[in-house]
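Right, one structure below, let's go through it.
2 protein chains.
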Amino acid sequence: MLEPPYLLYLGGAADTIAAKTARGLAVWRPEQCIGQVRTDPAGISVGLPDLTMDEAAAAGARTLVIGVANAGGIMAERTVADVLLALDAGLDVASGLHQRLADQPAIRDRAAALGRHLWDVREPPPGLKVGTGVPRAGKRLLTVGTDCSVGKMYTTLAIEREMRTRGMSCDFRATGQTGILISGAGMPIDAVVSDFISGAVEQLSPARDDDGWDLIEGQGSLFHPSYAGVSLGLLHGAQPDALVLCHEHGRERMRHMTHHRVPPLADCLQRNLEAARLTNPDVIAVGVALNTSGLDERTARDACTEVEIALDLPCADPVRHGVGAIVDRWAVCFGR
Amino acid sequence: MLEPPYLLYLGGAADTIAAKTARGLAVWRPEQCIGQVRTDPAGISVGLPDLTMDEAAAAGARTLVIGVANAGGIMAERTVADVLLALDAGLDVASGLHQRLADQPAIRDRAAALGRHLWDVREPPPGLKVGTGVPRAGKRLLTVGTDCSVGKMYTTLAIEREMRTRGMSCDFRATGQTGILISGAGMPIDAVVSDFISGAVEQLSPARDDDGWDLIEGQGSLFHPSYAGVSLGLLHGAQPDALVLCHEHGRERMRHMTHHRVPPLADCLQRNLEAARLTNPDVIAVGVALNTSGLDERTARDACTEVEIALDLPCADPVRHGVGAIVDRWAVCFGR
Numbered sequence: 210m211l212e213p214p215y216l217l218y219l220g221g222a223a224d225t226i227a228a229k230t231a232r233g234l235a236v237w238r239p240e241q242c243i244g245q246v247r248t249d250p251a252g253i254s255v256g257l258p259d260l261t262m263d264e265a266a267a268a269g270a271r272t273l274v275i276g277v278a279n280a281g282g283i284m285a286e287r288t289v290a291d292v293l294l295a296l297d298a299g300l301d302v303a304s305g306l307h308q309r310l311a312d313q314p315a316i317r318d319r320a321a322a323l324g325r326h327l328w329d330v331r332e333p334p335p336g337l338k339v340g341t342g343v344p345r346a347g348k349r350l351l352t353v354g355t356d357c358s359v360g361k362m363y364t365t366l367a368i369e370r371e372m373r374t375r376g377m378s379c380d381f382r383a384t385g386q387t388g389i390l391i392s393g394a395g396m397p398i399d400a401v402v403s404d405f406i407s408g409a410v411e412q413l414s415p416a417r418d419d420d421g422w423d424l425i426e427g428q429g430s431l432f433h434p435s436y437a438g439v440s441l442g443l444l445h446g447a448q449p450d451a452l453v454l455c456h457e458h459g460r461e462r463m464r465h466m467t468h469h470r471v472p473p474l475a476d477c478l479q480r481n482l483e484a485a486r487l488t489n490p491d492v493i494a495v496g497v498a499l500n501t502s503g504l505d506e507r508t509a510r511d512a513c514t515e516v517e518i519a520l521d522l523p524c525a526d527p528v529r530h531g532v533g534a535i536v537d538r539w540a541v542c543f544g545r
Numbered sequence: 210m211l212e213p214p215y216l217l218y219l220g221g222a223a224d225t226i227a228a229k230t231a232r233g234l235a236v237w238r239p240e241q242c243i244g245q246v247r248t249d250p251a252g253i254s255v256g257l258p259d260l261t262m263d264e265a266a267a268a269g270a271r272t273l274v275i276g277v278a279n280a281g282g283i284m285a286e287r288t289v290a291d292v293l294l295a296l297d298a299g300l301d302v303a304s305g306l307h308q309r310l311a312d313q314p315a316i317r318d319r320a321a322a323l324g325r326h327l328w329d330v331r332e333p334p335p336g337l338k339v340g341t342g343v344p345r346a347g348k349r350l351l352t353v354g355t356d357c358s359v360g361k362m363y364t365t366l367a368i369e370r371e372m373r374t375r376g377m378s379c380d381f382r383a384t385g386q387t388g389i390l391i392s393g394a395g396m397p398i399d400a401v402v403s404d405f406i407s408g409a410v411e412q413l414s415p416a417r418d419d420d421g422w423d424l425i426e427g428q429g430s431l432f433h434p435s436y437a438g439v440s441l442g443l444l445h446g447a448q449p450d451a452l453v454l455c456h457e458h459g460r461e462r463m464r465h466m467t468h469h470r471v472p473p474l475a476d477c478l479q480r481n482l483e484a485a486r487l488t489n490p491d492v493i494a495v496g497v498a499l500n501t502s503g504l505d506e507r508t509a510r511d512a513c514t515e516v517e518i519a520l521d522l523p524c525a526d527p528v529r530h531g532v533g534a535i536v537d538r539w540a541v542c543f544g545r
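Chains as they are written, first to last, in this note's numbering: chain A, 210 to 545; chain B, 210 to 545.
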């Protein structure tokens with residue numbers, strides 16, 4: 210699929226959330242990222258050298274990745290112009306925006322003329338099937354959340370890294386555009402036709418008998434009034450053996466929602482376990498990942514301890530503390 | 210949208226499930242159906258006169274409705290040929306198959322040349338938005354099910370008829386292709402991109418302040434491993450004030466599933482109420498619709514009584530007994 214090394218396009222992004230995709234790649238695939246392109250020198254940086262398209266191509270870059278999201282997923286005119294420059298310089302281009310590269314006539318025609326590849330990672334594969342719910346071989350861990358944007362992707366990738374460090378065979382299975390760009394494959398689950406949500410996850414994470422685990426990136430929350438359908442279909446399709454609950458400390462209202470409170474952790478975990486039992490009656494929880502970025506070190510530790518006592522599960526901030534405690538519990542529960 | 214009177218296309222359908230859409234129209238909109246077209250004279254009939262396309266057009270028919278579903282929703286070659294005959298005879302054509310009329314070049318070109326309309330009712334409207342979960346004005350009733358194909362559409366339409374007979378203002382809101390063809394409008398919820406499930410239902414059933422009720426057709430089941438995501442998004446988008454639980458007596462396995470049992474009625478109702486409270490904390494159940502078609506009269510009555518005692522809700526078979534008892538309970542609960 211995507212060919213590294215990557216050049217990350219930040220455009221004029223002014224904050225880290227707008228540059229979330231580029232940041233994800235820079236954090237998780239630093240060895241594959243050789244530079245960044247900013248249209249505003251005072252804009253956000255992900256800490257890579259600023260390169261022009263030609264400099265990047267000369268340095269060996271293969272693919273320009275549109276690493277910036279904006280309201281509505283629209284492709285700005287300036288972005289279109291810069292994509293054309295990248296194609297001219299010899300790069301393929303990848304994007305996770307709702308608005309597709311292939312739907313921009315100028316981009317499509319230039320890419321065709323030059324023989325470059327365009328990767329619209331938010332485009333589901335053709336021929337998806339409805340889910341079957343038939344138990345399949347292999348073991349799977351799924352991250353679930355109290356809300357959107359609480360750290361499910363980061364946690365899943367951190368667990369992959371930790372397990373691999375311990376010599377275990379496992380694979381991150383991406384379900385969102387940033388995760389897909391990081392791992393080079395995956396299923397853009399929020400872009401799938403609703404009849405096929407669970408079937409798409411069955412396809413993303415097929416039966417495996419090599420003793421390895423699939424680590425599936427969760428999306429949304431069963432308690433989010435916009436996206437809970439996606440979360441439930443994903444949960445059923447994943448047939449998870451293990452759940453890790455993700456939460457941001459102190460968040461009281463659901464993202465972009467003024468009418469909806471973030472659910473209590475215990476209720477959220479209980480509801481996810483109940484729903485998951487439909488396709489895997491043996492599912493268990495193995496830990497809680499707590500985003501404590503707003504807290505000082507001591508308060509963060511106390512917050513995790515409080516959750517550990519309340520839920521009787523290991524709790525850690527993957528960024529601050531790593532996920533060793535969660536993987537320890539997983540190893541004990543599954544005899545690894 | 211669709212223009213009656215309709216001519217119902219049954220093709221070579223050999224059983225009533227294949228002809229489910231035609232049957233729904235013949236039962237619920239008999240005054241709009243003037244004939245049927247069968248390619249196999251021994252095939253299923255919905256009790257209408259057999260007409261040719263030309264005879265139907267001469268009798269005033271405006272639209273040929275593809276009233277037959279087949280595996281995969283594929284349009285057979287014979288069907289394509291018959292659609293062309295209908296266009297030639299002066300009819301518009303409507304279809305709820307996955308495979309769209311407009312994607313068949315022969316059909317598309319002929320319709321364009323003759324100025325006929327093609328209605329692919331499984332095509333969602335453009336510009337859908339993600340759900341907001343913001344409480345909206347008006348009252349809504351939603352049918353939910355233990356499984357697919359247990360009578361949710363029939364029950365919802367029966368409640369509409371019963372309420373209107375009592376002089377109440379209410380509107381059936383269709384979410385599946387048969388319901389859309391019956392009511393002439395609606396939202397094909399299983400064809401919507403998963404990000405927009407709840408938003409699509411918010412659009413289908415917008416705020417109303419005329420004291421009337423929206424009666425929303427449910428889909429699937431929270432316990433169906435293929436479709437639960439659709440059911441949950443629909444439930445959240447509907448913000449129902451009242452639920453009616455639908456079930457087929459004696460069904461033990463989920464439709465098309467050998468690994469999944471139909472849930473106990475009480476568990477199913479409880480789980481639906483819990484989930485519905487996310488967007489309407491005041492939701493209540495007002496009755497159970499029990500499909501007893503396999504039972505004799507006495508056993509059917511006993512089965513309903515058993516459910517009434519177990520769930521403390523009125524229970525009736527909408528086909529056998531009507532939905533008067535359910536609407537009675539609804540009227541008491543909502544002071545109508």
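Note that beta-carbon positions come from the ideal geometry of N, C-alpha and C, so glycine has one too.
Note on geometry: alpha-carbon atoms of A451/A and A267/A lie some 45 Å from one another. The beta-carbon of I398/A is placed less than 8 Å from the nearest beta-carbon of chain B. For M210/A, the number of other beta carbons within 10 angstroms of its own is below 16, and it is reported as exposed.
Per DSSP, the beta bridge partners of D259/B are Q245/B.
The residues V246, L273, V274, I275, G276, V277 and D291, in chain order, have a CB closer than 7 Å to that of Y218/B in the same chain once the five nearest residues on each side in sequence are set aside. Straight-line spacing of the CA atoms in I253/B and L351/B works out to 31 Å. Only residues of its own chain outside the window of five on either side were considered, and among them M284 and V289 have a CB closer than 7 Å to the CB of Q313/B, listed in chain order. By the criterion of a C-beta distance shorter than 7 Å, A311/B is surrounded in its chain by R317, L327 and D329, once the five residues flanking it on both sides are discounted. Excluding sequence positions up to five before and after A265/A, its CB lies within less than 6 Å of the CB of L216 and G244, all in the same chain and listed in chain order.
Around G393/B, the same chain offers M210 and L211 as residues with beta carbons nearer than 7 Å, after the five sequence neighbours per side are excluded.
With 16 or more other CB atoms across the displayed protein chains lying within 10 angstroms of its CB, T230/B is buried. Going by DSSP, E457/A is part of the beta strand (DSSP E) stretching over A451 to E457.
A residue is called buried once 16 or more other Cβ atoms fall within 10 Å of its Cβ, and I518/B, having fewer, is exposed.
Contact between the region 474-485 of chain B and the region 432-449 of chain B is present: three or more C-beta pairs spanning the two stretches fall below 8 Å. Boundaries of the alpha helix (DSSP H) around A475/A: L474 to A485. Residue range E506 to L520 is occupied by the alpha helix (DSSP H) that includes C513/A.
Remark: C-beta atoms of V401/A and L337/A approach each other more closely than 8 Å. Within its own chain, the residues whose Cβ lies closer than 7 Å to the Cβ of S358/A, once the five positions on either side in sequence are excluded, are R464, listed in chain order.
CA-to-CA, the gap between I226/B and P449/B works out to about 29 Å.
When rounded, the separation of the alpha-carbon atoms in Q428/B and L443/B is 8 Å. Under the three-state reduction of DSSP output, G354/B falls in the strand class. Annotated three-state conformation of R470/A is strand, per DSSP. Runs of the beta strand (DSSP E) lying entirely within the region 367-432 of chain A and spanning at least 3 residues, in chain order: 379-382 and 422-425. Here the C-alpha atom of L520/A lies approximately 52 Å from the C-alpha atom of A228/B. Ranked by Cα distance from P472/B, the first of A367/B, C455/B and R510/B is C455/B.
Assigned with DSSP and collapsed to three states, V497/B falls in strand. Look at D537/A here: in three-state DSSP terms it is helix. Three or more Cβ pairs closer than 8 Å define a contact, and the region 417-428 of chain B meets that threshold against the region 376-391 of chain B.
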